[in-house]
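Data first, discussion second: the structure below is written as structure tokens.
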Amino acid sequence: MKEILVDRQVKNFTDDNLPDCFKDVSQKQWNDWQWQRDNSLRIYHNDSLLKKQEILKKITDAVSLPTGDVFNLDKVLRSWDMLITPHQILQIRRKLTEGDKESSLALFKTVNPSISEGDEYQQIVKLKIDGLGTGYRRKERYNTPENPQPREIRRLYDDRVVLTCTWQCPTGCRYCFRRPEALIGPKVNWEKGLNYIKKWNLTHSKEEQVKDVILSGGDPLFLSDNQIKKIAQGVKSIPGVKFLRIDTKYLAAMPQRITPELAEILGKYVDLMCFHFTHPAEIS
Numbered sequence: 008m009k010e011i012l013v014d015r016q017v018k019n020f021t022d023d024n025l026p027d028c029f030k031d032v033s034q035k036q037w038n039d040w041q042w043q044r045d046n047s048l049r050i051y052h053n054d055s056l057l058k059k060q061e062i063l064k065k066i067t068d069a070v071s072l073p074t075g076d077v078f079n080l081d082k083v084l085r086s087w088d089m090l091i092t093p094h095q096i097l098q099i100r101r102k103l104t105e106g107d108k109e110s111s112l113a114l115f116k117t118v119n120p121s122i123s124e125g126d127e128y129q130q131i132v133k134l135k136i137d138g139l140g141t142g143y144r145r146k147e148r149y150n151t152p153e154n155p156q157p158r159e160i161r162r163l164y165d166d167r168v169v170l171t172c173t174w175q176c177p178t179g180c181r182y183c184f185r186r187p188e189a190l191i192g193p194k195v196n197w198e199k200g201l202n203y204i205k206k207w208n209l210t211h212s213k214e215e216q217v218k219d220v221i222l223s224g225g226d227p228l229f230l231s232d233n234q235i236k237k238i239a240q241g242v243k244s245i246p247g248v249k250f251l252r253i254d255t256k257y258l259a260a261m262p263q264r265i266t267p268e269l270a271e272i273l274g275k276y277v278d279l280m281c282f283h284f285t286h287p288a289e290i291s
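Mapped onto the working numbering, the consecutive letters of the sequence shown carry residue numbers 8 to 291.
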């Protein structure tokens, strides 16, 4: 079993860096990923204008940075959702305290929609639908009447599949072409995906079997430990599957999620973790 070490010190904070909206939080609460999730600041595109303004003011006060063009709410936030975690807010404030305003602003920009994105909404929705072309490229080969390819599965190579476990994420990344679904996306039936892979491998030769499964989303670590364990066990039990990896943003957006309990599960079942970092200042 692979060993994953969890350094709890990286999650510590100082009261001097906390914004007013988090002044009363305890160290125990701060280190609790579920508290981080429940206290993230979020704006949904279908919120009222008044609510958007209220939450946006809370966000901009918390990060202590100029809001710039984000106040054009009618154009931008009618299309896009916005989500930022307490950990991200603290990291932005830390860089500002250190005198690194450039990094602080860069971190805020990763989640803060700009005016130009208001015009690009439909283009990005189309990109979300088309994805990497996996909906059309070699579709007939992978989507058969005997084994229909569910929406939870994306395939581009014979021996590899991407299994969508959830559409939800800890934060709203501006670069993500799945943004329209990432925060309030539809329910995912990952069991359909597992059944598809299993049936494919049982009905194809060893050379044609799926050997590499990538858990994606959304973000797989949004799920509970038990769900992650169940999915990982299901993948590893499929004949022919040799490799399981997970793509996640949590180490950058909410490192509190990497608990000793989760690390034990990942160490036992997962062969490779791919962590998404947009900027060096995200490393805490």
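For each residue, glycine too, the CB sits at the ideal point set by N, CA and C.
Point to revise | contact_flag[the stretch 21-35, the stretch 254-263] where n(CB pairs < 8 angstroms) is 3 or more | key: no
Exercise for review: Determine the burial state of residue 96: buried for a count of at least 16 other Cβ atoms within 10 Å of its Cβ, exposed for fewer.
Suggested key: buried
Point to revise | residue 70 - DSSP class collapsed to helix/strand/coil | key: The answer is helix: DSSP assigns residue 70 an H, G or I state.
Exercise for review: Compute the Euclidean distance between the alpha carbons of residue 211 and residue 217, then round it to the nearest angstrom.
Suggested key: Taking the CA atoms as reference points, residue 211 sits about 9 angstroms from residue 217.
Practice item. Locate the beta strand (DSSP E) running through residue 269, then write down its first and last residues. Key: Element bounds for residue 269: not the beta strand (DSSP E) but the alpha helix (DSSP H), 267-276.
**Study point:** CB of residue 2 within 7 angstroms of CB of residue 247, strictly
**Key:** This structure does not reach residue 2, given that the chain is present from 8 up to 291, and the question cannot be answered.
Review point. So, using beta-carbon positions, are residue 195 and residue 159 closer together than 7 angstroms?
Key: yes
Check your understanding: Under 7 angstroms, do residue 291 and residue 98 count as touching if we go by C-beta distance?
Key -> yes
Practice item. Tell me whether residue 119 is buried or exposed, calling it buried when 16 or more other Cβ atoms sit within 10 Å of its Cβ. Key: Counting other Cβ atoms within 10 Å of its Cβ, residue 119 reaches 16 or more and is therefore classed as buried.
Exercise for review: Apply the 10 Å Cβ neighbour rule to residue 77 and answer buried if 16 or more other Cβ atoms are within range, or exposed otherwise.
Suggested key: Bear in mind that a pLDDT of 45 at residue 77, under 50, signals an unreliable position, so the model cannot answer this.
Point to revise | DSSP-derived helix/strand/coil call for residue 203 | key: helix
Exercise for review: Report the rounded CA-to-CA distance for residue 16 versus residue 263, giving the unit in angstroms.
Suggested key: Below a pLDDT of 50, predicted positions are generally treated as unreliable, and residue 16, at 45, falls in that range; the measurement from the model is reported next regardless. Going from the Cα of residue 16 to the Cα of residue 263 covers about 11 angstroms.
Check your understanding: How many angstroms separate the CA atom of residue 51 from the CA atom of residue 214?
Key -> Here the alpha carbon of residue 51 sits roughly 46 angstroms from the alpha carbon of residue 214.
Point to revise | Burial state of residue 229 (16 or more Cβ within 10 Å) | key: buried
Point to revise | Three-way DSSP call (helix, strand, coil) for residue 242 in this model | key: helix
Point to revise | Cβ-based burial, residue 269 [other Cβ within 10 Å; buried from 16] | key: buried
**Study point:** Three-state secondary structure (DSSP) of residue 255
**Key:** strand
Point to revise | Beta-carbon proximity list for residue 221, same chain, < 6 angstroms, skipping 5 on both sides | key: For residue 221, where only same-chain residues beyond five positions count, the Cβ hits under 6 angstroms are 169, 252.
Check your understanding: Looking at C-alpha atoms only, which residue of 115, 151, 103 is the closest neighbour of residue 90?
Key -> 115
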